[in-house]
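Have a look at the structure below, then the notes.
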């Protein structure tokens, strides 16, 4: 909309392999030093090109996830059941995890985070669903889930938007970043898999 010929505001929805200067109109709308588009999505990711911070955390199945054990290309989905954009991405996440399962050299893991430390309370962390089980029952898919019950992992990974997808190489470097799949109009899972393949080919 707007005047004929007026530039459309740029959205921060692409796949990034390196941070570039943000476009005109990017603003720090949340006072956290992160430049965002009009919807609040970040134009960059602080850890892109850097080593993924080391962490261990409990998984929903009771096992322990240790980031130092990443030794294959891995897609990390950082999300929350309280988050409307994450719920909208659910069908795509189910399809993405199935596509990744078919590739023996690619792993998938999700990290369930609260909106913030202040909102890491039992009544808020799973939103309207109340539990992970209820969310997955409603969504009709399930994936391996690392739990961040207090928001500390969200802070360690410097997550400024959910959902966030990270692509990590076998040496533990964050090689790719993107936000919501559901905002892509055309075959978002297929295009993301192609992006991942391209990065793997370049490294």
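Numbering (the working numbering), first residue to last: 1 to 203. Quick reminder that beta carbons are idealized off the backbone N, C-alpha and C, glycines included. All values derive from a computational prediction rather than experimental measurement.
Round the Cβ separation of residue i and residue j to the nearest angstrom and send it over; I've been treating them as touching at under 8 Å.
i, j, result
"residue 43", "residue 52", "Between residue 52 and residue 43 the Cβ distance is about 21 Å, and since that is not below 8 Å, they are no contact."
"residue 96", "residue 189", "5 Å"
"residue 55", "residue 164", "Wrong, their Cβ atoms sit about 15 Å apart, outside the cutoff."
"residue 124", "residue 161", "About 18 Å separates the two Cβ atoms, so there is no contact after all."
"residue 49", "residue 174", "7 Å"
"residue 191", "residue 89", "Contact flag wrong, Cβ pair sits at about 14 Å."
In whole angstroms, what is the alpha-carbon distance linking residue i and residue j?
i, j, result
"residue 144", "residue 13", "25 Å"
"residue 167", "residue 74", "6 Å"
"residue 171", "residue 72", "8 Å"
"residue 64", "residue 147", "10 Å"
"residue 126", "residue 110", "15 Å"
"residue 154", "residue 47", "13 Å"
"residue 140", "residue 186", "22 Å"
"residue 118", "residue 32", "16 Å"
"residue 104", "residue 201", "16 Å"
"residue 134", "residue 128", "9 Å"
Would the beta-carbon of residue i fall within 8 Å of that of residue j?
i, j, result
"residue 80", "residue 120", "no"
"residue 45", "residue 177", "yes"
Restricting to Cα atoms, I'd like to know which of the options is closest to residue i.
i, options, result
"residue 23", "164, 156, 30, 41", "41"
"residue 149", "59, 185, 99", "59"
"residue 11", "184, 203, 116, 136", "184"
"residue 99", "17, 193, 62, 67", "193"
"residue 26", "19, 9, 15, 18", "9"
"residue 206", "37, 57, 132", "Since the displayed the chain opens at 1 and closes at 203, residue 206 lies outside it and no answer follows."
"residue 108", "21, 169, 16, 122", "169"
"residue 86", "61, 115, 18", "115"
Among residues of its own chain, excluding the 5 on either side of residue i, which ones have a beta-carbon nearer than 7 Å to its beta-carbon?
i, result
"residue 159", "78, 113"
"residue 136", "142"
"residue 179", "12, 13, 41, 161, 163, 164"
In chain order, what residues of the same chain lie with their CB nearer than 6 Å to the CB of residue i, ignoring the 5 residues before and after it?
i, result
"residue 2", "Reliability fails at residue 2, whose pLDDT of 43 lies under 50, so the model's placement of it is uncertain and no value is given."
"residue 6", "Summary for residue 6: the model assigns pLDDT 47, below 50, so the residue's position carries little reliability; its value from the coordinates is reported in the next sentence. Cβ neighbours of residue 6 beyond the five flanking positions: none."
"residue 4", "Confidence at residue 4 is low in this model, with a pLDDT of 47, below 50, so the placement of that residue is unreliable and no value is reported for it."
Tell me which residues share the same chain as residue i and place their Cβ nearer than 8 Å to its Cβ, disregarding the 5 neighbours each side in the sequence.
i, result
"residue 196", "73, 75, 106, 167, 176"
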